[in-house]
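**Q** For the sequence shown, our numbering gives the first residue as 3, with consecutive numbering after it.
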Amino acid sequence: MMNINIPRMFQRYQQSPANRFEFNDSSSFPSLPPIHEKPTLSRRQLLSPFYSGILPAEIRTLIFTYALTPSAHPTIPSYDPNSDACRPGDTHPIIVYTALLSTCRRIYHETYHLPAHLFPHRFYCYRQPEDLSGRLFNNPDVYFTRLQPWQYEFVTRATFSTQMFWLEGSFPSICGNIYMQNITELKIIIRRGDWWWNEQNAQLAIDPYRGEGQDFAAVNEYMKRPLEQRSWQGSWGAAFERMGRLRVLEMEFETSEDKRAELGRVVEWARSWEFPMGERGVLSMRKGERDQRDVGPVEYQEVGSWEWRGKTVHWSGECPYCRSHSCQNSLEKCREKSALKRRGEGPMLLVKCCSEVQDPVGTIGMIGSWETS
């Protein structure tokens with residue numbers, strides 16, 4: 003058994019009176035040179051079925067990957083279902099069991115990169131599940147101090163479920179940071195409660211060019227401009243260029259069913275975005291690579307979508323049907339809403355989303371998955 007320094011990021015959660023669930027920050031793990039950088043040779047471990055020739059190397063890799071794949075935490079409860087943070091695919095705290103890395107030096111050499119690579123680095127941008135540390139999961143700068151610097155190379159995917167104020171105000175400032183430089187696939191999720199003034203049932207609006215999404219009238223006017231008349235004015239849409247290896251950007255736009263038409267307008271607006279990436283070109287949703295000689299209509303990829311039944315937290319303060327803050331159930335839709343609320347249910351939520359299909363460089367799979375061209 004080796005005595006190794008397991009990065010603190012992947013220790014089990016520890017309960018803390020000051021902050022309900024913190025990652026273990028114990029000083030009992032001294033800062034040592036990583037084993038994979040030491041010149042010591044690994045023993046061949048020929049008595050182990052992993053290395054005796056019984057199992058092909060490909061099967062061994064699958065087993066190790068499975069063992070280090072994050073899973074639901076066995077002791078921390080699942081997220082409160084009546085919260086913005088609990089969504090399909092993200093309902094439980096997760097954990098990575100790293101005991102495998104302590105087995106022997108040869109296994110460590112084959113697997114040391116997997117915890118950082120497989121862990122779903124998710125940020126909630128000030129609307130995190132209550133059992134997760136806000137200090138960690140709202141602030142990437144703090145979160146990534148829990149990794150060893152050599153692990154940044156293996157952080158290739160990250161997800162930001164972000165309110166609009168954080169996307170417009172804070173996101174651009176982190177894109178050039180060292181921990182963002184090896185991310186090739188970035189996902190940004192705008193949840194039902196993340197839109198500007200959603201509690202007032204305000205119009206859906208998003209502006210990657212100027213970062214003024216709450217100025218609804220100005221956004222509406224800017225949406226009418228042809229592509230060649232738009233300019234990137236230092237907003238979050240111009241920040242992706244600072245991420246040195248970003249290749250795929252995925253976006254999810256979520257809202258309630260009463261805003262289906264508004265969401266449709268946002269999606270059509272998003273399909274025309276071409277995020278500047280410097281010498282690497284643009285992140286674009288066009289079908290095929292862009293050619294300046296093209297004068298015909300632009301063809302975009304299809305939009306993916308799915309729906310799920312929300313909870314009571316997803317109703318806005320203003321009734322979406324009678325537009326009143328003190329709904330009197332005067333309309334049939336109002337009465338349907340009241341019946342759903344009595345059952346603890348919310349509106350049907352619509353999500354416009356991307357697929358995981360890898361397309362050739364310069365093309366896009368579905369809405370929100372931009373690839374460099």
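Ideal Cβ placement from N, Cα and C applies to all residues, glycine included.
Identify whether residue 311 lies in helix, strand or coil by the three-state DSSP scheme.
**A** Counting from 1 along the sequence shown, the entry for residue 311 is found at position 309. Three-state result, residue 311: strand.
**Q** In the DSSP output, which residue or residues are listed as bridge partners for residue 188?
**A** Taking the sequence shown and counting its residues from 1, the one referred to as residue 188 is at position 186. The partner list for residue 188 (beta bridge, DSSP) reads 160, 251.
**Q** Are the Cβ atoms of residue 153 and residue 128 separated by less than 8 Å?
**A** On the sequence shown, position 151 is the one that residue 153 refers to. On the sequence shown, position 126 is the one that residue 128 refers to. Cβ distance not < 8 Å, so residue 153 and residue 128 don't count as in contact.
**Q** Which class does residue 226 belong to by DSSP, given the choice of helix, strand or coil?
**A** Here residue 226 refers to the residue found at position 224 when the sequence shown is read from its first residue. Looking at residue 226 - three-state DSSP - the assignment turns out to be coil, as it is neither helix nor strand.
**Q** Three-state secondary structure (DSSP) at residue 237?
**A** For this step, residue 237 is matched to residue 235 along the sequence shown. It is coil, neither helix nor strand.
**Q** Since residue 124 is in the beta strand (DSSP E), which residue starts that stretch and which ends it?
**A** Within the sequence shown, numbered from 1, the residue matching residue 124 stands at position 122. Segment 123-125, the beta strand (DSSP E) holding residue 124.
**Q** Which residue wins for smallest C-alpha separation from residue 100, given the options 70, 107, 81?
**A** On the sequence shown, residue 100 is found 98 positions in, with the first residue counted as 1. The candidate whose alpha carbon is nearest that of residue 100 is 70.
**Q** From this set, 235, 308, 269, 322, which residue's C-alpha is nearest residue 170's C-alpha?
**A** Here residue 170 refers to the residue found at position 168 of the sequence shown. When each option's Cα is compared against that of residue 170, the closest is 235.
**Q** Note the first and the last residue of the continuous alpha helix (DSSP H) segment covering residue 142.
**A** Position 140 of the sequence shown, counting from 1, holds the residue named residue 142. Residue 142 -> alpha helix (DSSP H) spans 142-145.
**Q** Check whether the Cβ atoms of residue 72 and residue 96 sit closer than 8 Å, and answer yes or no.
**A** Within the sequence shown, residue 72 is the residue found at index 70, counting from 1. Within the sequence shown, residue 96 is the residue found at index 94, counting from 1. Closer than 8 Å, so yes.
**Q** Starting from residue 347, follow the alpha helix (DSSP H) in both directions and report where the run begins and ends.
**A** Within the sequence shown, residue 347 is the residue found at index 345, counting from 1. Segment 347-355 is the beta strand (DSSP E) holding residue 347; no alpha helix (DSSP H) there.
**Q** Excluding the 5 residues flanking residue 159 on each side, which residues of the same chain have their C-beta closer than 8 Å to its C-beta?
**A** Taking the first residue of the sequence shown as 1, we reach residue 159 at position 157. 122, 123, 185, 186, 187, 188, 189, listed in sequence order.
**Q** Under a three-way DSSP split, which group does residue 278 fall into?
**A** As a first step, residue 278 must be located in the sequence shown, where it is residue number 276. It is a strand residue.
**Q** Would you check if the distance between the CB atom of residue 318 and the CB atom of residue 200 is smaller than 8 Å?
**A** The residue given as residue 318 occupies position 316 in the sequence shown. The residue given as residue 200 occupies position 198 in the sequence shown. Cβ distance < 8 Å, so residue 318 and residue 200 count as in contact.
**Q** Taking only three categories from DSSP, how would you classify residue 305?
**A** Position 303 of the sequence shown, counted from the start, is the residue given in the question as residue 305. Correct three-state label for residue 305: coil.
**Q** Who are the near neighbours of residue 93 in its chain, counting only those whose CB is closer than 6 Å to its CB and skipping five residues on each side?
**A** Counting from one through the sequence shown, the residue named residue 93 turns up at place 91. Excluding positions up to five away in sequence, the list reads 80, 81.
**Q** Going by DSSP, what residue range makes up the beta strand (DSSP E) through residue 340?
**A** As a working note, residue 340 is residue 338 in the sequence shown. Here residue 340 belongs to no beta strand (DSSP E); instead the alpha helix (DSSP H) covers 334-344.
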